[in-house]
Structures are given as structure tokens and as C-alpha cells.
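Enquirer: The structure under discussion is supplied below as C-alpha cells; questions concerning it will follow.
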Amino acid sequence: MGNINPNEKSSQSQNNRILRYLQNGNRITSLDALMLFGCMRLSARIYDLKERGYPIEDEFVYDEQTGKSYKAYFMAVDA
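All you need for our numbering is the position in the sequence shown, starting with 1, plus 6.
Here's what the structure looks like:
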């Protein structure tokens with residue numbers, strides 16, 4: 007038996023909303039995902055989308071104000 011996710015419907019809904027957001031040329035961070043979609047596990051949602059074949063890329067971004075680095079996810083979008 008595989009991993010049972012009691013929140014599977016919520017996860018799929020978040021996946022779909024995050025995917026649309028990325029497909030519109032936006033970048034997303036964990037804080038963005040929490041504020042926009044109520045998603046507390048962005049890396050898990052990104053993993054799900056990559057498993058479905060979506061070419062999501064990431065990079066670390068450095069915030070000079072806080073001195074912290076965080077990961078931003080994005081997709082190449084045809085213009």
C-alpha cells in the first residue's frame with residue numbers, strides 16, 4: 007500500500023492552482039504559496055507536479071534585507 011494522504015483532494019486543488027500560477031509566468035516561493043493558496047508544503051506540491059511531467063525549475067534567491075536565501079520555483083513560458 008502506498009502513501010495515504012487524507013488531504014488528497016486539497017493537495018490536488020493546490021497542485022492545479024499552483025500549476026496555473028506558474029504557467030502564467032509567475033515565480034512562487036513558500037511564502038507566496040502560503041499567502042495565495044494556503045499551501046504549507048510547496049516543495050511537496052512541486053514534487054507532485056514534476057512527477058506529472060511539468061518542467062518546473064528552481065533557483066535560490068538571496069534577500070539582502072533579511073540576509074536569508076530561499077527557493078523560488080518557475081516554468082519557462084512561451085511568449
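Glycine included, C-beta positions come from ideal geometry on N, C-alpha and C.
Can you tell me whether Q29 is buried or exposed? The criterion is at least 16 other CB atoms within 10 Å of its CB, across all chains shown.
Expert: Its Cβ having fewer than 16 others within 10 Å, Q29 is exposed.
Enquirer: Going by CA-CA distance only, name the one from R33, D54, Q71 that's closest to K77.
Expert: Of R33, D54, Q71, the residue nearest in Cα terms is R33.
Enquirer: Name the residue from M41, S49, Q18 whose alpha carbon lies nearest to the alpha carbon of F80.
Expert: Nearest C-alpha to F80: S49.
Enquirer: Report all residues from its chain with a CB closer than 6 Å to the CB of D64; omit the five preceding and five following residues, and keep chain order.
Expert: Same-chain partners within the cutoff: K77, Y79.
Enquirer: Helix or strand or just coil, what does DSSP make of G8?
Expert: A caution first: G8 carries a pLDDT of 44, below 50, which makes its placement in the model too unreliable to give a value.
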